[in-house]
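J.:
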Amino acid sequence: MFDTGGTMAARRASRRHFIKEGAVFAGGLAGGMAIGANAASGQGLGAPRPGGVVDHPMAYGERSRFVQTVRTPMTMIGHIDLHGHPDGLDARTPLSELTGTITPSALHYVSSHGNNPPDIDPREHRLMVYGMVDRPLVFTMEDLTRLPSVTRTHFIECIANSPRPEEKTLDEMHGMVGCSEWTGVPLSVLLDEVGVKDGAGWVLSEGAEATKLGA
0 MFDTGGTMAA RRASRRHFIK EGAVFAGGLA GGMAIGANAA SGQGLGAPRP
50 GGVVDHPMAY GERSRFVQTV RTPMTMIGHI DLHGHPDGLD ARTPLSELTG
100 TITPSALHYV SSHGNNPPDI DPREHRLMVY GMVDRPLVFT MEDLTRLPSV
150 TRTHFIECIA NSPRPEEKTL DEMHGMVGCS EWTGVPLSVL LDEVGVKDGA
200 GWVLSEGAEA TKLGA
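First residue of the sequence shown: 0, per numbering that gives the first Met the number 0; consecutive thereafter.
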């Protein structure tokens, strides 16, 4: 079966007409949307307000003045029983006010056993690994930054979180938990550097805040 030239020409003309009409319709639709948007902006948004990033460059970690979410301090009688120190302090993560998986650093829960976080100049910080090792070593921060590091996302939870079923709020029951992105040198890398002797079976970590944790 053969088509004639007239039929093919008619089809081409029909396609051109369809495309042209579609372009006109699309242009009118876009124009209508633009007019509607301009009208809405003129009625509801008003003039730009002064201030903002241009006038006040925000410092690292600085939040918008409209963000008021903070950690919730724990005040409980007999808190010394938890930490063995009258100045022990806990502050919960405000889980009920967060969206997403990562907990902002400023909202991550804290648990202090009586001492404030030490104020250490990174240039003076030292990490000593000794004991049943072949080569006891002292690492500076510069040493550590030269070693292979990893970045991982992990939840961390206080052992005192959700102690027992109670009629309390989400933050009161489960606020001692947070999820952050952690970057550092794996312990296995440090142990490879010092060489672990046969018979070694545990690690004791001690920080400048005088807290010892065994594993």
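Note that CB positions come from ideal geometry on N, CA and C, so glycine has one too.
Short check: CB of Gly-177 to CB of Thr-71, under 8 Å?
T.: The sequence position of residue 177 within the sequence shown is 178, counting from 1. The sequence position of residue 71 within the sequence shown is 72, counting from 1. Cβ distance not < 8 Å, so Gly-177 and Thr-71 don't count as in contact.
J.: Residues in the same chain with beta-carbon distance under 8 Å from Arg-134, minus the five sequence neighbours each way, listed in chain order, please.
T.: The sequence position of residue 134 within the sequence shown is 135, counting from 1. Result list for Arg-134: Glu-192, Val-193 and Gly-194, in chain order.
J.: Taking C-alpha atoms, which residue in Tyr-129, Thr-102 and Asp-170 lies nearest to Glu-180?
T.: Stepping through the sequence shown from its first residue, residue 180 is reached at position 181. For Glu-180, the nearest C-alpha among the options comes from Thr-102.
J.: Looking at the unbroken beta strand (DSSP E) that takes in Arg-127, where does it start and where does it end?
T.: Start at 1 with the first residue of the sequence shown, and residue 127 comes out as number 128. Residue identity differs from the one stated: residue 127 is Met in this sequence, not Arg. It spans 125 to 128 - the beta strand (DSSP E) in which Met-127 sits, taken as one unbroken run.
J.: Do the CB positions of Asp-170 and Arg-91 come within less than 8 Å of each other?
T.: On the sequence shown, position 171 is the one that residue 170 refers to. On the sequence shown, position 92 is the one that residue 91 refers to. Cβ atoms of Asp-170 and Arg-91: closer than 8 Å.
J.: For Val-132, does the three-state DSSP call read helix, strand or coil?
T.: Taking the sequence shown and counting its residues from 1, the one referred to as residue 132 is at position 133. Reduced to three states, the DSSP call for Val-132 is strand.
J.: Helix or strand or just coil, what does DSSP make of Leu-94?
T.: Position 95 of the sequence shown holds residue 94. Note: Leu-94 maps to helix in three-state DSSP.
J.: In whole angstroms, give me the CA-to-CA distance for Ser-225 and Thr-100.
T.: As displayed, the chain neither begins before 0 nor continues past 214, which places residue 225 out of reach and without an answer.
J.: With 16 as the cutoff for other CB atoms within 10 Å, does Gly-198 come out buried or exposed?
T.: Residue 198 sits at position 199 when you count from the first residue of the sequence shown. Gly-198 comes out exposed.
J.: Is DSSP giving Glu-192 helix, strand or coil here?
T.: As a first step, residue 192 must be located in the sequence shown, where it is residue number 193. Three-state result, Glu-192: helix.
J.: For Ala-105, which residues of its own chain have a beta-carbon under 6 Å away from its beta-carbon, when the five flanking residues on both sides are left out?
T.: Within the sequence shown, the letter at position 106 stands for residue 105. Taken in chain order, the list of residues that qualify is empty.
J.: Straight-line CA distance for Tyr-108 to Asp-89?
T.: The residue given as residue 108 occupies position 109 in the sequence shown. The residue given as residue 89 occupies position 90 in the sequence shown. Cα to Cα, the separation comes out at about 7 Å.
J.: Counting C-beta neighbours from all protein chains within 10 Å, is the total for Phe-65 16 or more, i.e. buried, or is it exposed?
T.: As a working mapping, residue 65 is identified with position 66 in the sequence shown. So Phe-65 ends up on the exposed side.
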